[in-house]
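**Student:**
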Amino acid sequence: MKSFMRRDALGAGLRGAASTKPVSRVASVRPAPTAYRTACQVAKVDEMVSVDEELTRLRKENELLRAQLALYQQNQQPSVGAAAVAPPAAATKVLEKPAPAKQASVDGGIIWPKPGEAFWERSPRASPMPLQGGAAEAPPVERDGNPMHIIHITAEMAPIAKVGGLGDVVTGLAKAALARGHFVTVMLPFYECLPKDQIEGLKHECDIEVPKGYRWDGEIRVGPLKTSVFWGRVQGCPVYLIKPADDTNCNIFRGGRIYGGSYNEMEAYLYFCRACLEYLNVSQQNPHVLQLHDWHAAAASMLYWDVYNPNGFSRTRLMLTIHNLDNTGETRQDEFFFTGVPGENFATIDKALDERTIGHNPERLNLMKGGIVYCNAVTTVSPTYANEVLNGGAAGWLRSTFARPELRSKFHGILNGIDCEEWNPATDALLPANFDADRPAGKALCKEFLQKGLGLEVDPRKPLVAVVSRLVPQKGIHLIKAALFRTVEKGGQFVLLGSGHSDPAFRQLADGQFKDHPNCRLKIMYSERLAHMIYAAADVVVVPSMFEPCGLTQMIALRYGAVPLVRRTGGLADTVFDVDGPAGGPAQPRNGFVFDGSDDGALHGALDRALTLYTTQPERWAALQQDNMRLDVSWGKSAKSYVDVYRSISA
Ligand code: ADP
């Protein structure tokens, strides 16, 4: 039985606005539930369950999974030095807690890289290098009463579909909310390039027909696009994967990359938004909250209130999480019709009209703006970025949107965490040696391993400065270069791992001035494995972003005993506090180096201080690294804040 809930203020407000300013609609795109009923839905009619039954089923499933993992962990014996053996896909999650150590020597079993070897392509070790005394117990996770049903709609999910922090955040937050006892599912495009072997229990769930707009002989029409829904688990988190059923005649989500594949991104994500809602509709799922990530998913909020829940009867409420306002999803109104709904429905200033295009013919829509207007709550990924959006220049063209009091009041800044199971130097099977705050010796081995592997001079005394980043203007390209030159000039070592459209400049340096340089290696590529090894080896991680909604690299650096050096902006300002600054409380631990300004000199000042501390006060440096490894950068606190916002908007 379906539950009917009252409309909330936002739903009422929007519909109210729509009724005073009616928008034209194409009759054929209005939902006609009976027409959309598919074989899948018919098959499911008998199984239709109440929300409570659904929650009970999910709870049982969760408990079963936990029990299975616990059993698996008990049966796991760490095999010392068993390098180059891939763990079974389903076992990766349970490698986090090794049995007590059986060997004393931390370097036993390391297979050192040979010259020129692409050592980062080795399979992860079957078990972590045992630490003496075993890995520290993770702190117990607080459980919430009254579990909620949350569904994320996203273009990325780590590790299977990760381009940047968005993927990390979705998986980290979903796992943290699951651990707190909530029922969480992710909906992700089934990109052709996904590593299917990393999706546990992947199976075809059903096919549905998704309304999609087409242009035919100059006319607009809506027709069904047969769509396949798959189901599986990624790191224990349930995920629905969605794509057109006939991908020989349709290139949506095809190609070898997540973005920039061989498909039209705007068409693909608009279709994806419609397909997610359509599937939830036919499978009779009414989560408490649909959490939409960035512009790719924002249109789902517009469709939800316009097509699926126009009267506000269903209990589901929506949250938009803004990871970056650099790309807000500008679209032509006729493109929006890929959803099967005319873009004209949203082309007013109070809805999704892109104000930059007023007076143009035709005027365009801004999907992020649509999401901000149509969602019940809007979050972004750090308090400082939220403040920069509301009161600084970070809102860009959405300045007037964020000036509206009713939109400002539903906007929250919640600091990201990192997934501390995935990013755990004590159990990370990608590292040549493991370590933690109490047993830091393995970090020196990781540094030696990286120096050997990359063909750098092997010298433990040289400070190793690293950057792991997308290479785009946001990340402060000129400052990354300044850090490279300054580090080498000062006798340190510099390693860059990066990719993105600013990479030609670095390629030139890599193949020219710094080719075979004993103290510098520029790896212009994307490699999750090499990234882990670099964090573990680095003494300093530089993040000189021009703006940074949150940033994860500085938090990963802290966790891996590297000292972050950052430009004071967005989430970097919320997580890194200068060692030479005034004494801070526990919320502001003195954990790194911070600079203001955007010229080379500003960066040099901070970098020089870091290199001087490293070389002249090794004991203080070691203490700083160890203290940093003890800091809580997990999702714990932040997941709780998200749950608070979920509850605040629940019907
Ligand atoms: P953004 O999302 O803007 O790229 P974040 O700091 O939030 O920045 O997240 C970046 C994530 O992507 C981190 O997990 C980082 O380790 C990873 N990353 C960035 N570039 C690379 C790369 N070239 N290879 C591997 N991982 C990378």
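So in UniProt numbering the end of the sequence shown lands on 651, straight run, no missing numbers.
Don't be surprised by glycine CBs; every beta carbon is placed ideally from N, CA and C.
1) When you measure from the CB of N324 to every non-hydrogen atom of the ligand ADP, does any distance come out below 8 Å?
2) Say whether the stretch 143-163 touches the stretch 286-304, bearing in mind that this needs 3 or more beta-carbon pairs closer than 8 Å, one atom from each stretch.
3) Which class does F577 belong to by DSSP, given the choice of helix, strand or coil?
4) Which residues in the same chain as A275 place their Cβ atom closer than 6 Å to its Cβ, once the five residues preceding and following it in sequence are excluded?
5) Give every residue of the same chain whose Cβ lies closer than 8 Å to the Cβ of S499, excluding the five residues on either side of it in the sequence, and list them in chain order.
6) Figure out for me which residue from Q132, I110 and L318 has the closest Cα to the Cα of R122.
7) Using a 10 Å radius around the Cβ and a threshold of 16 neighbouring Cβ atoms, would you call H288 buried or exposed?
8) Just the Cα atoms here: how many angstroms apart are L280 and H604?
9) If we ignore side chains and look at the alpha-carbon of each, how far apart do N391 and E117 end up?
10) Is P460 buried or exposed, if buried means 16 or more other CB atoms sit within 10 Å of its CB?
11) In terms of DSSP beta bridges, what is D207 paired with?
12) Between S650 and T316, what straight-line distance do the alpha-carbon atoms span, to the nearest angstrom?
13) Any heavy atom of the ligand ADP inside 8 Å of the beta-carbon of Y526?
14) Applying the criterion that 16 or more other CB atoms from any shown protein chain within 10 Å of the CB defines a buried residue, is K114 buried or exposed?
15) Kindly give me the distance between the Cβ atoms of L318 and L290, rounded to whole angstroms, as I take these residues to be in contact under 8 Å.
16) With a threshold of 16 other CB atoms inside 10 Å of the CB of Q235, please say whether the residue is buried or exposed.
17) Let me know if N361 comes out buried or exposed under the rule of 16 or more other beta-carbons within 10 Å of its beta-carbon.
18) Which word fits G585, buried or exposed, when buried means at least 16 other C-beta atoms lie within 10 angstroms of its C-beta?
19) Quick one: what does DSSP say H604 is sitting in, helix, strand or coil?
20) Just to check, is the beta-carbon of G498 closer than 8 Å to a non-hydrogen atom of the ligand ADP?
21) To the nearest angstrom, report how far apart G340 and D600 are at their CA atoms.
22) Out of L430, R559, S262 and G371, which one is the CA nearest neighbour of P440?
23) Taking the alpha-carbon of V467 as reference, which of D438, D306, E137 and A538 has the nearest alpha-carbon?
24) Quick check: is any heavy atom of the ligand ADP less than 8 Å from the C-beta of L565?
25) For the 8 Å Cβ check, are there 3 or more pairs between the stretch 251-270 and the stretch 143-150?
26) Determine, using beta carbons only, whether L292 and G371 come nearer to each other than 9 Å.
27) Out of curiosity, what's the CA-to-CA distance linking K475 and G570?
28) Can you give me the C-alpha to C-alpha distance between A18 and L320, rounded to a whole angstrom?
29) Do you know how far the Cα of Q333 is from the Cα of E363?
30) In whole angstroms, give me the CA-to-CA distance for L552 and G218.
31) Would you list the residues sitting across from R332 in a DSSP beta bridge?
32) Could you check what DSSP says for L496 in three-state terms: helix, strand or coil?
**Tutor:** Looking at the atomic coordinates:
1) What you label residue 324 is simply residue 324 of the sequence shown in a count that begins at 1. True, at least one ligand heavy atom lies under 8 Å from that Cβ.
2) yes
3) Taking the first residue of the sequence shown as position 1, residue 577 is located at position 577. Coil.
4) In the sequence shown, the residue the question calls residue 275 occupies position 275. V210, T227 and I242.
5) For the purposes of this step, residue 499 is taken as the residue at position 499 of the sequence shown. Result list for S499: R470, L471, I524, M525 and Y526, in chain order.
6) Residue mapping note: residue 122 aligns to position 122 of the sequence shown, counting from 1. Nearest C-alpha to R122: I110.
7) Within the sequence shown, the letter at position 288 stands for residue 288. By the 10 Å Cβ count, H288 comes out buried.
8) The residue labelled residue 280 in the question sits at position 280 within the sequence shown. The residue labelled residue 604 in the question sits at position 604 within the sequence shown. Whole-angstrom Cα-Cα distance: 53 Å.
9) In the sequence shown, the residue the question calls residue 391 occupies position 391. In the sequence shown, the residue the question calls residue 117 occupies position 117. Approximately 50 Å, taken between the alpha carbons.
10) Counting from one through the sequence shown, the residue named residue 460 turns up at place 460. P460 comes out exposed.
11) Taking the first residue of the sequence shown as position 1, residue 207 is located at position 207. D207 pairs with S228.
12) Taking the first residue of the sequence shown as 1, we reach residue 650 at position 650. Taking the first residue of the sequence shown as 1, we reach residue 316 at position 316. Each residue's alpha carbon lies about 7 Å from the other.
13) Residue 526 sits at position 526 when you count from the first residue of the sequence shown. Yes.
14) In the sequence shown, counting from the first residue as 1, residue 114 sits at position 114. K114 should be labelled exposed.
15) Counted from its first residue, the sequence shown places residue 318 at position 318. Counted from its first residue, the sequence shown places residue 290 at position 290. The pair is a contact, with the Cβ atoms about 5 Å apart (cut-off 8 Å).
16) Your numbering for residue 235 matches position 235 in the sequence shown. Buried: at least 16 other Cβ atoms inside 10 Å.
17) Looking up residue 361 in the sequence shown gives position 361. Exposed.
18) Position 585 of the sequence shown, counted from the first residue, corresponds to residue 585. Exposed, since its Cβ has fewer than 16 Cβ neighbours within 10 Å.
19) Here residue 604 refers to the residue found at position 604 of the sequence shown. Residue state, collapsed to three classes: helix.
20) Stepping through the sequence shown from its first residue, residue 498 is reached at position 498. Yes, the Cβ of G498 comes within 8 Å of a heavy atom of the ligand ADP.
21) Translated into positions along the sequence shown, residue 340 becomes position 340. Translated into positions along the sequence shown, residue 600 becomes position 600. Taking the straight line from one Cα to the other gives about 50 Å.
22) As a first step, residue 440 must be located in the sequence shown, where it is residue number 440. Measuring from the Cα of P440, the nearest candidate turns out to be R559.
23) Residue 467 sits at position 467 when you count from the first residue of the sequence shown. It is A538.
24) Counting from one through the sequence shown, the residue named residue 565 turns up at place 565. Incorrect: L565 has no Cβ contact closer than 8 Å to the ligand ADP.
25) no
26) By 1-based counting over the sequence shown, the position of residue 292 is 292. By 1-based counting over the sequence shown, the position of residue 371 is 371. Contact flag set, yes.
27) By one-based count along the sequence shown, residue 475 stands at place 475. By one-based count along the sequence shown, residue 570 stands at place 570. Each residue's alpha carbon lies about 12 Å from the other.
28) Translated into the one-based positions of the sequence shown, residue 18 becomes position 18. Translated into the one-based positions of the sequence shown, residue 320 becomes position 320. Model confidence at A18 stands at a pLDDT of 32, short of 50, so the residue's coordinates are unreliable; what they give is reported in the following sentence. Using only the alpha carbons, I get a separation of about 21 Å.
29) To locate residue 363, count along the sequence shown from 1; it is residue 363. To locate residue 333, count along the sequence shown from 1; it is residue 333. Computed Cα separation, rounded: 7 Å.
30) Translated into positions along the sequence shown, residue 552 becomes position 552. Translated into positions along the sequence shown, residue 218 becomes position 218. Using only the alpha carbons, I get a separation of about 47 Å.
31) Position 332 of the sequence shown holds residue 332. Partner(s): R364.
32) In the sequence shown, residue 496 corresponds to position 496, counting from 1. Residue state, collapsed to three classes: strand.
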